[in-house]
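Report on one structure; see the data block that follows.
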Amino acid sequence: MKFDTPATQNPIDRMTVVGKPIERIDGQLKTTGRAKYAYEWHDDALSYAYGYPLGAAIAKGRIRAMDVSAAARAPGVITIVTSDSMPDLKTAKRNTAKLFGGREIHHYHQAVAVVVAETFEQARAAAHLIKVDYEETKGAFDLEASMEGAKKPEDGEPDSAAGDFAPAFEAATVQFDQTYTTPDQSHAMMEPHASIAAWDGDALTVWTSSQMIDWWRSDLSVALDMDKEKIHIMSPFIGGGFGAKLFLRSDAVLAALAARAARRPVKVALPRPFLMNNTTHRPATIQRIRIGAGQDGKITAIAHESWSGDLEGGSPEAAVQQTRLLYAGANRMTATRLAVLDLPEGNAMRAPGEAPGLMALEVAMDEMAEKLGQDPVAFRILNDTQVDPEKPEKAFSHRDLVGCMKLGAERFGWDKRSTRAGAVRDGDWLVGMGVAAAFRNNMVMPSGARVKFDRDGVLTVETDMTDIGTGSYTIIAQTAAEMLGLPLDRVAVNLGDSRFPVSSGSGGQWGGNSATAGVYAACVKMREAVAQSLGFNAESIDFADGMVISGDRRVPLADAIREAPLVVEDTIEYGDISEEKQQSTFGAHFVEVGVDIATGEVRIRRMLAVCAAGRILNPMTARSQVIGAMTMGVGGALSEELAVDKKRGFFVNHDLAGYEVPVHADIPHQEVIFMDETDPMSSPMKAKGVGELGLCGVAAAINNAVYNATGIRVRNYPVTLDKLI
Ligand code: MOS
Numbered sequence: 001m002k003f004d005t006p007a008t009q010n011p012i013d014r015m016t017v018v019g020k021p022i023e024r025i026d027g028q029l030k031t032t033g034r035a036k037y038a039y040e041w042h043d044d045a046l047s048y049a050y051g052y053p054l055g056a057a058i059a060k061g062r063i064r065a066m067d068v069s070a071a072a073r074a075p076g077v078i079t080i081v082t083s084d085s086m087p088d089l090k091t092a093k094r095n096t097a098k099l100f101g102g103r104e105i106h107h108y109h110q111a112v113a114v115v116v117a118e119t120f121e122q123a124r125a126a127a128h129l130i131k132v133d134y135e136e137t138k139g140a141f142d143l144e145a146s147m148e149g150a151k152k153p154e155d156g157e158p159d160s161a162a163g164d165f166a167p168a169f170e171a172a173t174v175q176f177d178q179t180y181t182t183p184d185q186s187h188a189m190m191e192p193h194a195s196i197a198a199w200d201g202d203a204l205t206v207w208t209s210s211q212m213i214d215w216w217r218s219d220l221s222v223a224l225d226m227d228k229e230k231i232h233i234m235s236p237f238i239g240g241g242f243g244a245k246l247f248l249r250s251d252a253v254l255a256a257l258a259a260r261a262a263r264r265p266v267k268v269a270l271p272r273p274f275l276m277n278n279t280t281h282r283p284a285t286i287q288r289i290r291i292g293a294g295q296d297g298k299i300t301a302i303a304h305e306s307w308s309g310d311l312e313g314g315s316p317e318a319a320v321q322q323t324r325l326l327y328a329g330a331n332r333m334t335a336t337r338l339a340v341l342d343l344p345e346g347n348a349m350r351a352p353g354e355a356p357g358l359m360a361l362e363v364a365m366d367e368m369a370e371k372l373g374q375d376p377v378a379f380r381i382l383n384d385t386q387v388d389p390e391k392p393e394k395a396f397s398h399r400d401l402v403g404c405m406k407l408g409a410e411r412f413g414w415d416k417r418s419t420r421a422g423a424v425r426d427g428d429w430l431v432g433m434g435v436a437a438a439f440r441n442n443m444v445m446p447s448g449a450r451v452k453f454d455r456d457g458v459l460t461v462e463t464d465m466t467d468i469g470t471g472s473y474t475i476i477a478q479t480a481a482e483m484l485g486l487p488l489d490r491v492a493v494n495l496g497d498s499r500f501p502v503s504s505g506s507g508g509q510w511g512g513n514s515a516t517a518g519v520y521a522a523c524v525k526m527r528e529a530v531a532q533s534l535g536f537n538a539e540s541i542d543f544a545d546g547m548v549i550s551g552d553r554r555v556p557l558a559d560a561i562r563e564a565p566l567v568v569e570d571t572i573e574y575g576d577i578s579e580e581k582q583q584s585t586f587g588a589h590f591v592e593v594g595v596d597i598a599t600g601e602v603r604i605r606r607m608l609a610v611c612a613a614g615r616i617l618n619p620m621t622a623r624s625q626v627i628g629a630m631t632m633g634v635g636g637a638l639s640e641e642l643a644v645d646k647k648r649g650f651f652v653n654h655d656l657a658g659y660e661v662p663v664h665a666d667i668p669h670q671e672v673i674f675m676d677e678t679d680p681m682s683s684p685m686k687a688k689g690v691g692e693l694g695l696c697g698v699a700a701a702i703n704n705a706v707y708n709a710t711g712i713r714v715r716n717y718p719v720t721l722d723k724l725i
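Numbering (the UniProt record's numbering), first residue to last: 1 to 725.
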């Protein structure tokens, strides 16, 4: 189905199943341990071996020699695959860092060997017996020191400009110019990367933990130099991704190579310390923001420049993205610069670009509001725009930032905020409130699905869509049930299998809207197939309560299946419509913090998010997405930071003891409100993404609340207590 005109009325609008706060249909499987994650796949007929990876102990250089003799003699060892004994594997375009092979070392903990043994413990013990002789070369590990040599990224975010920033800024009555830094961050999802590989002749099956089945399948076929069709990928349950599992990782490659060498199925899980340095992370940024305004508070000039680093051939953190679209102002510019750093690969982490970008921009807006003597909410509302400020002829498809700000301020009790910083005290705590806008673009992706209708009246949906803890199973079931007028328990959903039609996958908060739109398209075809089977006119039939209705005729849906089950398949594709209007999602975050008067410890007291993100397909799973994202934002504000060893070139705090993420107990009160809206430009579902929006702006709102509580402005994240005393 080509989506090329705005959505009109369709069966989803009935909202009898869609839009309802339905519990996850896979919830019981997960809470009872029956949902099989990558490492848990088990077939009694197979005899598994265990692979344990060895990572490079230097950040840059080459392997002179490897001595595996002691490891090979260790108990239980079956085989050892080393990178120096084979050429570089080809790197698919989605991977920057090489995953395995060859003698060159490009970053610390790059995989250099995998030991295969009868047990996990034997493999681990033997891995430590491998001796590697390295020739170390000097690397660049310090972003600030590399700023001068940073370049315009070749195929990344382009610089942008409208009007003439420099003279407009010069002429502005009130000027603001500050620089902020955000640190390297790690996805720190619950389930580490893990894969099981099994060969059957020249065919390979990989059980893994992937957000994007088809990307992995393509990239694995490049890495292993084999026919994509011979690769079968399974990833039905995923214990969190946050972008870490968008792109093929070393666990899948090592498992495949190890299984081939051992002639056995092999399990490889990346140990937790590997995650920080072997895989990807959100790159640190240095961001300079300049804002010029008249005394009336209207922005006349705005500039945002961002510096980040990555390995040679990598991409920048697109931290200026939101500044191109969030606020009005005739004279503007953004620039993104990329330095070559020899740290592990920087890449997408939840709301790449906007998440760190808003950590800076929304503090700058708070600082500017204060300079102007304006209320931070009013200042943002004053500078709202309904068109792309760089291209005023392009309007937003739907934009309700103002509605989010107003409703949030009212619900949060914003009028009780002290306009003077450091003025409110509650026992040992200084108390403050902060606000920030949330912004994240809404991307759409082609997405396919197959639907089968069986004689027993069960409709089965199959798509390679993934559920990374987001609720994909549930909203897909809701969509199919709505389209065919079936109760939810008559719908079965199978995901995460490369034998199913290629979906949008889970990334960039596009999955919810795109994957359900794909299911919508397949269900439109199913409705036609049912009509044809019953001899009804497809145009004038309706589906409700398990019945097909045409005029005064009502026939049980199951009657449409004569002999074989009905099976149809379709893919939603987007015409120019997704470019016609600017599609983005909006929100407002409000936070109240307490800061201990003696220790500087920051405690979150309450949080509110108001989100404008199109139709909400399931307010329960959407709320879970947003509160999870808000919690992640607390980490971004207060604790998350990969500490860089600038001499040796690696992330030092490579476990969850040293890399601290918040938990439920850290946040006593969270509330989420969704604006009641639809966006007919986004898809037939009229929905948009919300999972990343929920994170965007949170850290800035917290930082602004800390300022309001203490009068101390922190421009270098995270806001740790040493910066407050
Ligand atoms: Mo997201 S960073 O595209 O999983």
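Ideal placement from N, C-alpha and C gives every residue a C-beta, glycine not left out.
Note that this is a predicted model, so its numbers are computed, not measured.
Exposure label - Lys267; buried when at least 16 CB within 10 Å: The residue labelled residue 267 in the question sits at position 267 within the sequence shown. Burial is judged here by how many other beta carbons sit within 10 angstroms of a residue's own beta carbon; Lys267 has at least 16 and is buried.
Touch test, the stretch 298-313 against the stretch 223-233, Cβ-Cβ under 8 Å, three pairs minimum: Taking 8 Å as the limit for Cβ pairs, the verdict is that the stretch 223-233 does not touch the stretch 298-313.
N-terminal and C-terminal residue of the beta strand (DSSP E) that Ala319 is part of: The residue given as residue 319 occupies position 319 in the sequence shown. The continuous stretches of beta strand (DSSP E) do not include Ala319, and DSSP gives it neither H nor E.
Host beta strand (DSSP E) of Asn331 (start-end): As a first step, residue 331 must be located in the sequence shown, where it is residue number 331. Start and end: 331-340.
The stretch 407-423 in contact with the stretch 693-704 per 3-pair CB rule at 8 Å: Note that the stretch 407-423 does not touch the stretch 693-704; fewer than 3 beta-carbon pairs, one per stretch, sit closer than 8 Å.
heavy atom of the ligand MOS below 7 Å from Met349 C-beta: Within the sequence shown, the letter at position 349 stands for residue 349. True, at least one ligand heavy atom lies under 7 Å from that Cβ.
For Val387, the three-state DSSP class (helix, strand or coil): As a first step, residue 387 is located in the sequence shown; it is residue number 387 there, counting from the start. Residue state, collapsed to three classes: strand.
Cβ neighbour criterion (16 or more within 10 Å) applied to Leu46: Reading the sequence shown from its first residue, position 46 is the one you call residue 46. Looking at its Cβ environment, which holds fewer than 16 other Cβ atoms inside 10 Å, Leu46 is exposed.
Exposure of Gln625, with buried meaning 16 or more beta-carbon neighbours within 10 Å: Here the question's residue 625 lines up with position 625 in the sequence shown. Answer is buried; the Cβ neighbour count reaches 16.
Inter-residue CB distance, Ile22 and Met620 (contact presumed, cutoff 8 Å): Residue 22 sits at position 22 when you count from the first residue of the sequence shown. Residue 620 sits at position 620 when you count from the first residue of the sequence shown. The Cβ separation is near 7 Å, so the contact holds.
Sub-8 Å separation of Met190 and Gly241 beta-carbons: The sequence position of residue 190 within the sequence shown is 190, counting from 1. The sequence position of residue 241 within the sequence shown is 241, counting from 1. In this structure, Gly241 does not lie closer than 8 Å to Met190 by Cβ.
Helix, strand or coil at Pro21 [DSSP, three-state]: For the purposes of this step, residue 21 is taken as the residue at position 21 of the sequence shown. Correct three-state label for Pro21: coil.
Alpha-carbon spacing of Val115 relative to Val530, whole angstroms: Position 115 of the sequence shown, counted from the first residue, corresponds to residue 115. Position 530 of the sequence shown, counted from the first residue, corresponds to residue 530. Between the alpha carbons of Val115 and Val530 lies a gap of roughly 54 Å.
Anticipated Cβ contact below 8 Å, Asn278 with Ala111, distance rounded: Locating residue 278 in the sequence shown gives position 278, where the first residue counts as 1. Locating residue 111 in the sequence shown gives position 111, where the first residue counts as 1. Confirmed, about 6 Å.
Proximity test, Gly297 beta-carbon vs the ligand MG heavy atom, cut-off 7 Å: For the ligand MG, the structure offers nothing, since it holds only the ligand MOS.
Where Leu557 falls: helix, strand or coil (DSSP): The sequence position of residue 557 within the sequence shown is 557, counting from 1. Judged by DSSP in its simplified three-state form, Leu557 adopts helix.
Per-residue burial, Lys581 [other beta carbons within 10 Å of its own, 16 or more giving buried]: Within the sequence shown, residue 581 is the residue found at index 581, counting from 1. Burial state of Lys581 is buried, judged by a 10 Å Cβ sphere holding 16 or more other Cβ atoms.
Chain B contact for Gly518 (CB, 8 Å cutoff): The structure shown contains no chain B; it holds only a single protein chain.
For Asn537, the residue or residues it bridges with in DSSP: Reading the sequence shown from its first residue, position 537 is the one you call residue 537. Residue pairing by DSSP places Asn537 opposite no residue, since no beta bridge is assigned to it.
Residues bridged to Arg53 [DSSP beta-bridge criterion]: In the sequence shown, the residue the question calls residue 53 occupies position 53. What sits at residue 53 in the sequence shown is Pro, not Arg. Val114.
Extent of the continuous alpha helix (DSSP H) to which Asp219 belongs: Along the sequence shown, one-based indexing puts residue 219 at 219. Looking at the DSSP string, the run of the alpha helix (DSSP H) that includes Asp219 is 213-223.
Counted within 10 angstroms of its Cβ, other Cβ atoms place Pro718 as buried (16 or more) or exposed: For this step, residue 718 is matched to residue 718 along the sequence shown. Pro718 comes out buried.
Exposure label - Met15; buried when at least 16 CB within 10 Å: Within the sequence shown, numbered from 1, the residue matching residue 15 stands at position 15. By the neighbour-count rule (16 or more Cβ atoms within 10 Å), Met15 is not buried but exposed.
Contact test: Gln287 Cβ vs the ligand MOS heavy atom, cutoff 7 Å: Within the sequence shown, numbered from 1, the residue matching residue 287 stands at position 287. Gln287 Cβ: outside cutoff for every heavy atom of the ligand MOS.
Phe543 Cβ short of 7 Å to the ligand MOS heavy atom set: Along the sequence shown, one-based indexing puts residue 543 at 543. False, no ligand heavy atom lies under 7 Å from that Cβ.
Simplified DSSP assignment, three categories, for Ile233: In the sequence shown, the residue the question calls residue 233 occupies position 233. Strand at Ile233.
Nearest to Arg595 (by Cα), restricted to the options Ala709, Thr585, Gln9: The residue given as residue 595 occupies position 595 in the sequence shown. A small fix is needed here, since residue 595 is Val in this sequence, not Arg. Looking at the Cα atoms, Ala709 is the closest of the given residues.
Residue from His193, Ser397, Phe3 whose Cα sits closest to the Cα of Leu275: Counting from one through the sequence shown, the residue named residue 275 turns up at place 275. The residue from His193, Ser397, Phe3 with its alpha-carbon nearest to that of Leu275 is His193.
Val634 (DSSP reduced to helix, strand or coil): Along the sequence shown, read from residue 1 onward, the residue named residue 634 stands at position 634. Taken through DSSP and simplified to helix, strand or coil, Val634 comes out as helix.
Beta-carbon spacing of Leu617, Val77 below 8 Å: Mapped onto the sequence shown, residue 617 falls at position 617. Mapped onto the sequence shown, residue 77 falls at position 77. Note that the C-beta distance between Leu617 and Val77 is not below 8 Å.
Tyr574 - DSSP class collapsed to helix/strand/coil: Within the sequence shown, numbered from 1, the residue matching residue 574 stands at position 574. Here Tyr574 carries a strand assignment [DSSP, helix/strand/coil].
Counterpart residues of Thr179 in DSSP-defined beta bridges: Along the sequence shown, read from residue 1 onward, the residue named residue 179 stands at position 179. In DSSP, Thr179 forms a bridge with Arg288.
Three-state class that DSSP yields for Val377 in the structure shown: In the sequence shown, counting from the first residue as 1, residue 377 sits at position 377. Reduced to three states, the DSSP call for Val377 is helix.
Selection from Asn442, Lys416, Asp88, Phe439 that minimises the alpha carbon distance to Met433: Indexing the sequence shown from 1 puts residue 433 at position 433. Taking only the C-alpha atoms, the option nearest Met433 is Lys416.
Contact the stretch 345-365 vs the stretch 165-181: 3+ CB pairs below 8 Å: Yes, since at least three Cβ pairs between the stretch 345-365 and the stretch 165-181 fall closer than 8 Å, the two stretches touch.
Where Asp310 sits in the DSSP three-state scheme: One-based indexing of the sequence shown puts residue 310 at position 310. Three-state DSSP puts Asp310 in a strand.
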